[in-house]
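Student: Sharing a structure, written as structure tokens. Questions coming.
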Amino acid sequence: MATSFFTAKVLPLNSTRSADKPLLGQVLLPSSFLGPSAHKLSLNNAFSLQSQRRSNAVVAVSDVVKDNKSKSKSSISNLLITKEEGLELYEDMVLGRAFEDMCAQMYYRGKMFGFVHLYNGQEAVSTGFIKLLKKEDSVVSTYRDHVHALSKGVPARQVMSELFGKTTGCCRGQGGSMHMFSKEHNVLGGFAFIGEGIPVATGAAFTSKYRREVLKEADCDHVTLAFFGDGTCNNGQFYECLNMAALWKLPIIFVVENNLWAIGMSHLRSTSDPEIWKKGPAFGMPGVHVDGMDVLKVREVANEAVGRARRGEGPTLVECETYRFRGHSLADPDELRDPAEKNHYATRDPITALKKYMFENNLVNEAELKAIDKKIDELVEESVEFADASPVPARNQLLENVFADPRGFGIGPDGRYRCEDPKFTEGTAQV
Amino acid sequence: NMNQFLLGSRVFASRSFSSAAKEMTVRDALNSALDEEMSADPKVFIMGEEVGEYQGAYKITKGLLDKYGPERVLDTPITEAGFAGIGVGAAYHGLKPIIEFMTFNFSMQAIDHIINSAAKSNYMSAGQISVPIVFRGPNGAAAGVGAQHSQCYAAWYGACPGLKVLAPYSSEDARGLLKSAIRDPDPVVFLENELLYGESFPVSAECFDSSFSLPIGKAKASSCFLSLFLGKDVTITAFSKMVGYALKAAEILAKEGITAEVINLRSIRPLDRPTINASVRKTNRLVTVEEGFPQHGVGAEICASVVEESFEYLDAPVERISGADVPMPYAANLERMAVPQIEDIVRAAKRACYRAAKSVPMAAAA
Numbered sequence: 034m035a036t037s038f039f040t041a042k043v044l045p046l047n048s049t050r051s052a053d054k055p056l057l058g059q060v061l062l063p064s065s066f067l068g069p070s071a072h073k074l075s076l077n078n079a080f081s082l083q084s085q086r087r088s089n090a091v092v093a094v095s096d097v098v099k100d101n102k103s104k105s106k107s108s109i110s111n112l113l114i115t116k117e118e119g120l121e122l123y124e125d126m127v128l129g130r131a132f133e134d135m136c137a138q139m140y141y142r143g144k145m146f147g148f149v150h151l152y153n154g155q156e157a158v159s160t161g162f163i164k165l166l167k168k169e170d171s172v173v174s175t176y177r178d179h180v181h182a183l184s185k186g187v188p189a190r191q192v193m194s195e196l197f198g199k200t201t202g203c204c205r206g207q208g209g210s211m212h213m214f215s216k217e218h219n220v221l222g223g224f225a226f227i228g229e230g231i232p233v234a235t236g237a238a239f240t241s242k243y244r245r246e247v248l249k250e251a252d253c254d255h256v257t258l259a260f261f262g263d264g265t266c267n268n269g270q271f272y273e274c275l276n277m278a279a280l281w282k283l284p285i286i287f288v289v290e291n292n293l294w295a296i297g298m299s300h301l302r303s304t305s306d307p308e309i310w311k312k313g314p315a316f317g318m319p320g321v322h323v324d325g326m327d328v329l330k331v332r333e334v335a336n337e338a339v340g341r342a343r344r345g346e347g348p349t350l351v352e353c354e355t356y357r358f359r360g361h362s363l364a365d366p367d368e369l370r371d372p373a374e375k376n377h378y379a380t381r382d383p384i385t386a387l388k389k390y391m392f393e394n395n396l397v398n399e400a401e402l403k404a405i406d407k408k409i410d411e412l413v414e415e416s417v418e419f420a421d422a423s424p425v426p427a428r429n430q431l432l433e434n435v436f437a438d439p440r441g442f443g444i445g446p447d448g449r450y451r452c453e454d455p456k457f458t459e460g461t462a463q464v
Numbered sequence: 054n055m056n057q058f059l060l061g062s063r064v065f066a067s068r069s070f071s072s073a074a075k076e077m078t079v080r081d082a083l084n085s086a087l088d089e090e091m092s093a094d095p096k097v098f099i100m101g102e103e104v105g106e107y108q109g110a111y112k113i114t115k116g117l118l119d120k121y122g123p124e125r126v127l128d129t130p131i132t133e134a135g136f137a138g139i140g141v142g143a144a145y146h147g148l149k150p151i152i153e154f155m156t157f158n159f160s161m162q163a164i165d166h167i168i169n170s171a172a173k174s175n176y177m178s179a180g181q182i183s184v185p186i187v188f189r190g191p192n193g194a195a196a197g198v199g200a201q202h203s204q205c206y207a208a209w210y211g212a213c214p215g216l217k218v219l220a221p222y223s224s225e226d227a228r229g230l231l232k233s234a235i236r237d238p239d240p241v242v243f244l245e246n247e248l249l250y251g252e253s254f255p256v257s258a259e260c261f262d263s264s265f266s267l268p269i270g271k272a273k274a275s276s277c278f279l280s281l282f283l284g285k286d287v288t289i290t291a292f293s294k295m296v297g298y299a300l301k302a303a304e305i306l307a308k309e310g311i312t313a314e315v316i317n318l319r320s321i322r323p324l325d326r327p328t329i330n331a332s333v334r335k336t337n338r339l340v341t342v343e344e345g346f347p348q349h350g351v352g353a354e355i356c357a358s359v360v361e362e363s364f365e366y367l368d369a370p371v372e373r374i375s376g377a378d379v380p381m382p383y384a385a386n387l388e389r390m391a392v393p394q395i396e397d398i399v400r401a402a403k404r405a406c407y408r409a410a411k412s413v414p415m416a417a418a419a
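Keeping their order, the protein sequence lines are chains A and B.
For the first sequence, the working numbering gives the first residue as 34, with consecutive numbering after it.
For the second sequence, the working numbering gives the first residue as 54, with consecutive numbering after it.
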């Protein structure tokens with residue numbers, strides 16, 4: 034896998050073709066490392082070879098920060114974030130982690146059911162990207178979408194209620210874990226099919242451009258983020274959208290959360306060229322690889338990419354190297370991953386890394402972080418209580434919201450539209 | 054009902070004799086509907102293969118690129134899943150895309166988006182996000198295009214909650230239903246027919262009005278000109294091209310003293326069960342006609358509906374005419390055998406009226 038040190042380099046703003054830049058490609062190891070022989074490497078071998086590279090990356094966090102003077106927002110110091118930003122990022126990541134841990138507890142107690150996919154370990158990606166967005170920007174995700182919804186601003190109690198299948202959920206209990214939608218916060222799903230969200234996100238980005246150019250809303254610079262995994266990068270829809278997004282210069286960022294595993298299928302076993310960021314330049318957009326366990330690096334890259342999109346310069350493909358601490362879903366026994374790999378990534382916990390950074394740079398003290406921890410714990414507890422106390426959907430909700438225009442249920446035996454009959458949704462499923 | 058009779062007879066009168074009534078091809082009907090709806094609402098746009106510079110693979114979108122520009126008439130690369138999904142994403146945010154599939158066979162590459170992200174989204178989001186999108190294109194068999202270009206998708210899409218599925222026959226149907234579809238806040242699958250594009254139909258004066266529309270979910274009953282009242286011997290349901298065949302079959306049957314009521318379904322989903330059942334309760338016999346495959350077809354659903362609601366009124370078993378249970382062959386004579394013909398409908402109607410010998414199993418039977 035590629036290393037992360039080049040994230041210190043600036044994304045050139047005036048060229049969409051990575052080939053023109055002495056940027057990402059040349060700095061990397063030759064791809065023969067990941068060539069055909071990669072298939073024959075056992076997981077242990079592949080992992081240990083990569084681990085050498087990764088351990089460099091861990092140490093490099095502080096170095097990158099110190100070197101990075103030009104990119105910093107706060108130019109007075111050479112820090113990447115202010116205290117307020119740091120606290121915001123910390124709180125968001127802790128919320129994501131605490132919420133997901135609570136989901137696991139609730140699942141094993143039977144309060145949550147079906148398919149639940151948890152985001153533990155990947156918080157830096159969600160926080161790093163979504164905290165840079167405005168409310169009008171859109172986020173599209175996969176089934177691993179709880180934390181994306183939380184980062185975007187959907188209240189924790191609404192997400193928890195949705196997971197419990199209660200009528201106070203963000204989708205009134207009709208969507209579930211894999212289908213988080215919020216019109217208010219522009220969370221456009223929540224899709225179970227991998228790759229399905231990518232064209233939808235591309236369409237949302239298309240709308241931004243359409244509103245600006247056809248409907249003449251000159252200030253419409255909304256961007257869309259599409260989150261998806263390494264497995265999705267072998268799916269046809271991904272390539273179709275890379276093509277069209279670059280062709281029409283849509284304001285979208287394709288964020289790959291490469292956690293190396295698609296259920297039990299290792300990324301190396303399923304992909305001919307595992308370096309996903311390379312697929313961007315093939316379609317005419319920059320491809321960036323970033324250490325997804327470091328929220329500050331992710332935020333830097335995200336800032337660049339979002340800026341590009343807002344200015345109308347087109348899409349970016351960002352590959353975040355990250356890891357999920359839990360199995361694919363709560364039903365996954367997670368037997369195929371090497372414990373050494375898991376332990377290694379546990380040492381790169383993004384929350385711990387941010388904490389360390391903030392302490393080392395004297396941005397916060399212990400007490401402030403503890404206060405946030407406590408606040409989040411209470412918030413998550415409260416959301417569980419709220420969800421518990423909420424009612425399950427009423428019977429008549431079964432037939433509601435199938436159509437925006439419920440005359441789509443057709444005409445009843447009395448010759449009137451069924452939906453006009455006051456007894457229509459009263460309790461039978463007879464349509 | 055007299056109105057419907059008159060309308061039905063007027064259809065026949067105009068088709069049989071030259072008259073001063075205005076005529077319009079289905080192609081022009083669709084083109085004018087698209088043009089007017091795009092003119093009325095800037096949020097409407099068209100996306101598909103060859104819709105722009107090529108003027109439409111079947112010339113349905115002719116002239117629209119020149120009129121509305123490339124931002125609203127978008128030629129896409131060959132990426133059905135991609136552009137169908139892009140349409141859905143745009144619809145999420147309130148635009149009104151019209152996605153053209155060159156034929157509905159290609160919609161299978163995009164079916165994930167039609168069903169999962171279009172049809173189901175209003176429900177999954179509990180009404181927050183509706184999807185005002187139209188998926189349109191030619192459906193069903195054409196002439197000699199082979200197995201992969203000839204399938205009818207009415208039954209598949211008609212099974213899905215959250216979708217509205219329309220199948221126009223005449224120019225008036227095409228114009229009115231397409232306008233309704235574009236204005237509708239829900240995803241609509243609009244199944245046209247390539248062989249009908251060039252066919253010309255008389256249209257009423259109000260059809261030319263830009264606010265003209267036909268309601269979704271209402272079928273149209275008509276009958277042969279020669280019967281004095283609406284058909285009272287047998288009900289024949291059909292949609293799309295088969296409506297024309299059914300009407301011709303009704304003419305032939307009328308000469309033998311059997312008056313048939315032909316129901317142009319217009320809307321596959323929601324199905325106009327009341328109209329169908331009311332007709333069956335009057336005639337007591339039913340023949341369903343469709344071009345698609347027999348198993349789990351539209352006719353099967355209509356039969357089930359009639360058995361559930363009007364069982365006591367049936368005097369004969371329901372006759373189901375469908376395409377043959379084979380992939381569409383290429384050879385012209387085989388293709389002719391694989392699609393319902395007018396004589397098949399006549400024979401079935403006679404069987405239903407007990408005026409024919411017991412049926413000989415045909416290739417159409419499973």
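We treat Cβ as the ideally placed atom computed from N, Cα and C, and that holds for glycine.
1) Spell out a yes or no on whether the region 128-138 of chain A and the region 178-185 of chain A are touching, meaning 3 or more CB-CB pairs, one atom from each, closer than 8 Å.
2) For B/P221, return the contacting residues in chain A, with the cut-off set at a CB-CB distance below 7 Å.
3) Can you give me, in chain order, the residues of the region 139-171 of chain B that have a beta carbon less than 7 Å from any beta carbon in chain A?
4) Flag this pair as yes or no: are the beta carbons of B/L219 and B/F243 separated by less than 9 Å?
5) Report the residue from B/A74, B/R80 and B/E76 whose alpha carbon sits nearest the alpha carbon of B/Y250.
6) Taking C-beta pairs closer than 7 Å, name the residues in chain A that B/P130 reaches, listed in chain order.
7) Nearest CA to the CA of B/N317: which residue from B/V342, B/K335, B/I311 and B/G310?
8) Let me check understanding here. Comparing Cα to Cα, which of B/N169, B/P191 and B/A171 lies closest to B/M155?
9) Where B/V198 and A/K164 are concerned, what is the direct C-alpha to C-alpha distance, given to the nearest angstrom?
10) Identify each residue in the region 219-241 of chain A for which the Cβ-Cβ distance to at least one residue of chain B is less than 9 Å, and report them in chain order.
11) Tell me, which residues are paired with B/G241 by DSSP?
12) Closest by CA to B/R322, which one among A/V127, A/R440 and A/L128?
13) Run the CB neighbour count on A/G236, radius 10 Å, all protein chains shown included, and call it buried at 16 or more, exposed below.
14) Report the option in A/D447, A/P426 and A/A437 whose CA atom is closest to the CA atom of A/K199.
15) Against chain B, which members of the region 414-425 of chain A pass a CB distance test of less than 7 Å?
16) Quick test of your reading: B/V425 and B/V287, contact by CB under 8 Å. State the CB separation rounded to the nearest angstrom.
17) Is it true that the region 243-251 of chain A meets the region 205-218 of chain A, where meeting means three or more beta-carbon pairs spaced less than 8 Å apart?
18) I need the DSSP call for A/W294, collapsed to helix, strand or coil.
19) What residue does the alpha helix (DSSP H) around B/A144 start on, and which one ends it?
20) Between A/E401, A/M193 and A/T257, which lies nearest to A/L221 when the distance is taken from Cα to Cα?
21) Out of curiosity, what's the CA-to-CA distance linking A/E337 and A/V351?
22) Mind checking the region 312-323 of chain B against chain A and listing, in chain order, the residues whose C-beta falls within less than 7 Å of any C-beta there?
23) What do you reckon, are the CB atoms on A/R357 and A/L151 nearer than 9 Å?
24) Select from the region 84-95 of chain B all residues with a C-beta closer than 9 Å to any C-beta belonging to chain A, and list them in chain order.
25) Straight-line CA distance for A/N394 to A/I114?
26) Any chance you could list the beta strand (DSSP E) runs of at least 3 consecutive residues sitting entirely within the region 322-401 of chain A, in chain order?
27) Do A/N434 and B/S178 have their C-beta atoms within less than 9 Å of each other?
28) How long is the line joining the alpha carbons of B/C260 and B/A405, rounded to whole angstroms?
29) Tell me the residue span of the alpha helix (DSSP H) that contains B/P327.
30) Helix, strand or coil: how does DSSP classify A/I231 here?
31) I'd like the list of long-range same chain contacts for A/M145, defined as Cβ closer than 7 Å, with 5 residues on each side in sequence excluded.
32) For chain A, check one thing: does any of its Cβ atoms lie closer than 9 Å to the Cβ of B/F136?
33) Flag this pair as yes or no: are the beta carbons of B/A391 and B/A208 separated by less than 9 Å?
34) Where B/A402 and B/R408 are concerned, what is the direct C-alpha to C-alpha distance, given to the nearest angstrom?
35) Give me the DSSP bridge partner(s) of B/L339.
36) When you compare the region 274-282 of chain A with the region 226-243 of chain A, are there three or more beta-carbon pairs, one atom per stretch, that lie closer than 8 Å?
Tutor: Once the coordinates are examined:
1) Segments in contact, yes.
2) Here residue 221 of chain B is taken as the residue at index 168 of the second sequence, counted from 1. Near B/P221 there are no residues of chain A at all, since even the closest Cβ is about 17 Å away, more than 7 Å.
3) Hits within the stretch, in order: I139, G140, V141, G142, A143, Y145, H146, L148, D165, H166, N169 and S170.
4) Against the second sequence, residue 219 of chain B aligns to sequence position 166. Against the second sequence, residue 243 of chain B aligns to sequence position 190. Against a cut-off of 9 Å, the Cβ pair of B/F243 and B/L219 comes out as a contact.
5) The count along the second sequence starts at 1 and reaches residue 250 of chain B at position 197. The residue with the shortest Cα to Cα distance from B/Y250 is B/R80.
6) Within the second sequence, the letter at position 77 stands for residue 130 of chain B. Correct list: N276 and M277.
7) Within the second sequence, the letter at position 264 stands for residue 317 of chain B. Nearest to B/N317 by C-alpha distance, out of B/V342, B/K335, B/I311 and B/G310, is B/V342.
8) Position 102 of the second sequence, counted from the start, is the residue given in the question as residue 155 of chain B. Per the Cα distances, B/P191.
9) The sequence position of residue 198 of chain B within the second sequence is 145, counting from 1. The sequence position of residue 164 of chain A within the first sequence is 131, counting from 1. Taking the straight line from one Cα to the other gives about 53 Å.
10) Cβ contacts with chain B: N219, L221, G222, G223, F224, A225, F226, G228, E229, G230, I231, P232, V233, A234, T235, G236, A237, A238, F239, T240 and S241.
11) Here residue 241 of chain B is taken as the residue at index 188 of the second sequence, counted from 1. The sequence shown places Val at residue 241 of chain B, not Gly. BP columns for B/V241 point to B/V187 and B/K217.
12) In the second sequence, counting from the first residue as 1, residue 322 of chain B sits at position 269. Proximity to B/R322 across A/V127, A/R440 and A/L128 peaks at A/R440, based on C-alpha coordinates.
13) As a working mapping, residue 236 of chain A is identified with position 203 in the first sequence. Buried, because 16 or more other Cβ atoms sit within 10 Å of the Cβ of A/G236.
14) On the first sequence, residue 199 of chain A is found 166 positions in, with the first residue counted as 1. Looking at A/D447, A/P426 and A/A437, the one whose alpha-carbon comes closest to that of A/K199 is A/P426.
15) From the region 414-425 of chain A, no residue has a Cβ closer than 7 Å to chain B.
16) Nothing about residue 425 of chain B can be reported from this structure: the residues present for chain B run from 54 to 419 only.
17) With a cut-off of 8 Å, the region 205-218 of chain A and the region 243-251 of chain A do not count as touching, because too few Cβ pairs lie within range.
18) To locate residue 294 of chain A, count along the first sequence from 1; it is residue 261. In the three-state scheme derived from DSSP, where H, G and I count as helix and E and B as strand, A/W294 is classed as strand.
19) Within the second sequence, numbered from 1, the residue matching residue 144 of chain B stands at position 91. Following the DSSP letters along the chain, one finds B/A144 inside the alpha helix (DSSP H) bounded by residues E133 to Y145.
20) As a working note, residue 221 of chain A is residue 188 in the first sequence. Measuring C-alpha to C-alpha distances from A/L221 to each of A/E401, A/M193 and A/T257 identifies A/T257 as the nearest.
21) In the first sequence, residue 337 of chain A corresponds to position 304, counting from 1. In the first sequence, residue 351 of chain A corresponds to position 318, counting from 1. Put simply, the backbone Cα of A/E337 is about 11 Å away from that of A/V351.
22) Cβ contacts with chain A: P323.
23) Locating residue 357 of chain A in the first sequence gives position 324, counting from the first residue. Locating residue 151 of chain A in the first sequence gives position 118, counting from the first residue. At the C-beta level, A/R357 and A/L151 come within 9 Å of one another.
24) Within the region 84-95 of chain B, the residues whose Cβ lies closer than 9 Å to some Cβ of chain A are P95, listed in chain order.
25) Taking the first residue of the first sequence as position 1, residue 394 of chain A is located at position 361. Taking the first residue of the first sequence as position 1, residue 114 of chain A is located at position 81. Whole-angstrom Cα-Cα distance: 10 Å.
26) Here the runs fully enclosed are 349-354.
27) Taking the first residue of the first sequence as 1, we reach residue 434 of chain A at position 401. Taking the first residue of the second sequence as 1, we reach residue 178 of chain B at position 125. Yes, the Cβ-Cβ distance between A/N434 and B/S178 is below 9 Å.
28) Reading the second sequence from its first residue, position 207 is the one you call residue 260 of chain B. Reading the second sequence from its first residue, position 352 is the one you call residue 405 of chain B. Rounded to whole angstroms, B/C260 to B/A405 spans 36 Å at the Cα level.
29) Along the second sequence, one-based indexing puts residue 327 of chain B at 274. Start and end: R326 to T336.
30) Start at 1 with the first residue of the first sequence, and residue 231 of chain A comes out as number 198. Residue state, collapsed to three classes: helix.
31) Working through the first sequence from its first residue, we reach residue 145 of chain A at position 112. C136, M139, L196 and F197, listed in sequence order.
32) Looking up residue 136 of chain B in the second sequence gives position 83. It does: the Cβ of B/F136 has a partner Cβ on chain A nearer than 9 Å.
33) Here residue 391 of chain B corresponds to residue number 338 of the second sequence, with the count starting at 1. Here residue 208 of chain B corresponds to residue number 155 of the second sequence, with the count starting at 1. Not in contact: B/A391 and B/A208 (Cβ atoms no closer than 9 Å).
34) Translated into the one-based positions of the second sequence, residue 402 of chain B becomes position 349. Translated into the one-based positions of the second sequence, residue 408 of chain B becomes position 355. Approximately 9 Å, taken between the alpha carbons.
35) Reading the second sequence from its first residue, position 286 is the one you call residue 339 of chain B. In the DSSP output, where bridge partners are listed per residue, B/L339 has B/T288.
36) Taking a cut-off of 8 Å for Cβ pairs, the region 274-282 of chain A and the region 226-243 of chain A touch, as three or more such pairs fall below it.
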